[in-house]
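Notes for the one structure printed next.
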Amino acid sequence: MTRRGTFWGLDLAPAARRSLGRVLDGAKKREKAGEREGARLAYERAAGIAARLAAWAPESTVREGFLARERECLAAARRIARGGAPGVRELSALPAADSSGRQPPSAARDQGAPYPCELLSAARIGWDEIAGLAEAREAIRMATLLLLATPPEGVRLCPPRAILLYGPPGNGKTLLAAAASRTLASAGGGTARFYDVRLPFVLSRYFGESSRIVSAIYRSARERAPSVIFVDELDALARSRDAEDSGAERRILSTFLSELDGMAGKGRASGVLTIGATNRPWDLDPAVLSRFEKKILVPLPDWEARRTILALHLPAPGLASAEILDRLAEETEGYSGRDLEALVKSAVEGMVSRKNGGLTDSLDKGPRDWGRVRIAVGPLEAEDFARARERLGARDARATLEPYQRWAKGRPEAGKGAP
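Note that the sequence shown covers residues 625 to 1043 in the working numbering.
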């Protein structure tokens, strides 16, 4: 049963179709008038609308029509960006709507629940900006390469379908996925093929909707393959089942398992890599764990990684001496990458306060004077970092890593005492 109006998706389709038509008309007019930048932006916006309509179309012919329109709009935007010859090119016709003026209806969706294309992202971080994590970095780089590379004729490569990154929070699990997103975007000519899935985007209060959202994300990813789906806080989505679980939770997990198995692809290579990240691997359902071919511990940074991370987060090269950074890397065993970032920021804040007495008094002068304020900076001293460490407190590396090491050895009490 479907509803018209507020929170079901049926009435969004005709509005989106009309919006697509208006945006395309505007893009053509701007291109014809020589407004290249405005035309490029309009074509990119039209591509996004077409992707939304494609992602939720229930019929393959309609879906393919909107995907073709998305590709055409992106190609037009790239042509303009590269300085291609001016002139409006004809685009294919929009997929037909039904007699009511709507695109054939998809499964009803919760208002505010995302179209899969809204999860697409491409980060700016590169592999060389990630310190340490050699095993995890190499595994994801290899899996990404196998998605993109063309194997020799007659050779069937089997890239992993799923990789699980687990370990203490704040140590680069999300950064690894972000670097993969940049690689995929570069391979796609700037088109994102990376789905950043967060729990609030998936969960819905309406019956059966969360399962449909999971299916829609994977369907969209297969259509854009090769692609990567990154699921952060996987334990919240796929925790171990028990008798108290609701039917909705079981349906979500069942759908997720089916997608990880590639059942929706009917046995064909899907070209989709799922990267899951969790701080609590012991809470994951055993059936989910069995679908991840690779399970990689993302540990606390070692001395070399800590030294690199500290230097990366300095606001300017050379702001702290090599001697201070070497000693600080020694003293911060047990700190996560996030802790080290916070440490540097706190030390810089202390240095700015030390060099600029009464700086905040300038706020009382009024907006016209704020932009004229000049902030004095100087080298970071050991005392700046010592005070920052006092504010952050000590860290116990052994206590932090022990639950993950127990879990990796298959010990059932692994999660006891874990944060």
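All C-beta atoms, glycine included, are put in the ideal place defined by N, C-alpha and C. Quick caveat, the model's predicted, so the values are computed rather than measured.
Quick one: measure Cβ to Cβ for residue i and residue j, integer angstroms, because I've assumed they're closer than 8 Å.
i, j, result
"isoleucine 920", "alanine 760", "5 Å"
"leucine 908", "aspartate 859", "6 Å"
"glutamate 696", "alanine 678", "So it is not a contact: roughly 12 Å between Cβ atoms."
"leucine 936", "alanine 699", "The pair is not a contact, with the Cβ atoms about 37 Å apart (cut-off 8 Å)."
"tryptophan 751", "proline 905", "Actually they are not in contact, since the Cβ atoms of tryptophan 751 and proline 905 sit about 24 Å apart, beyond 8 Å."
"alanine 1000", "lysine 979", "4 Å"
"valine 838", "leucine 897", "Contact doesn't hold; Cβ gap of about 16 Å is too wide."
"leucine 861", "leucine 823", "6 Å"
"proline 757", "valine 922", "Residue identity check: residue 757 is leucine in the sequence provided, not proline. With 8 Å as the limit, leucine 757 and valine 922 qualify as a contact, their Cβ atoms being about 6 Å apart."
"alanine 701", "glutamate 668", "5 Å"
"arginine 806", "isoleucine 749", "6 Å"
"glycine 895", "arginine 846", "7 Å"
"serine 835", "threonine 879", "4 Å"
Do residue i and residue j have their C-beta atoms closer together than 8 Å?
i, j, result
"leucine 770", "isoleucine 899", "no"
"glycine 942", "methionine 975", "no"
"arginine 664", "isoleucine 704", "yes"
"leucine 1016", "alanine 971", "no"
"alanine 670", "alanine 651", "yes"
"leucine 934", "alanine 1021", "no"
"leucine 666", "valine 647", "One detail in the question is off: residue 666 reads as alanine in this sequence, not leucine. Yes, these two residues count as a Cβ contact at 8 Å."
"arginine 654", "glycine 662", "yes"
"alanine 767", "proline 792", "no"
"aspartate 885", "phenylalanine 854", "no"
"threonine 902", "arginine 930", "no"
"leucine 967", "arginine 1013", "yes"
"arginine 874", "arginine 848", "no"
"glutamate 954", "tryptophan 927", "yes"
"leucine 781", "proline 850", "no"
What are the partner residues of residue i, as DSSP defines its beta bridges?
i, result
"aspartate 820", "Phe854"
"alanine 786", "Thr898"
"lysine 919", "Leu788"
"valine 863", "Per the sequence presented here, residue 863 reads as arginine, with valine not at that position. Paired residues: Leu908."
Should residue i be listed as close to the ligand GDP, given that the test is whether its C-beta is under 7 Å from any heavy atom?
i, result
"alanine 953", "Looking for the ligand GDP in the displayed structure turns up nothing, as the structure carries no ligands at all."
Output the residue ranges of the alpha helix (DSSP H) runs that lie fully inside the region 957-983 and measure 4 residues or longer, sorted by chain position.
-> 961-979
Specify whether the region 942-962 and the region 909-917 touch according to this definition: at least 3 beta carbon pairs, one from each stretch, less than 8 Å apart.
-> no
Can at least three beta-carbon pairs, one atom from the region 952-961 and one from the region 790-800, be found at a separation below 8 Å?
-> yes
Uninterrupted alpha helix (DSSP H) stretches inside the region 654-709 (no shorter than 4 residues) | 660-679, 684-705
Write down every uninterrupted run of the beta strand (DSSP E) in the region 749-811 whose length is 3 residues or greater and which is fully enclosed by it, in chain order.
-> 786-790
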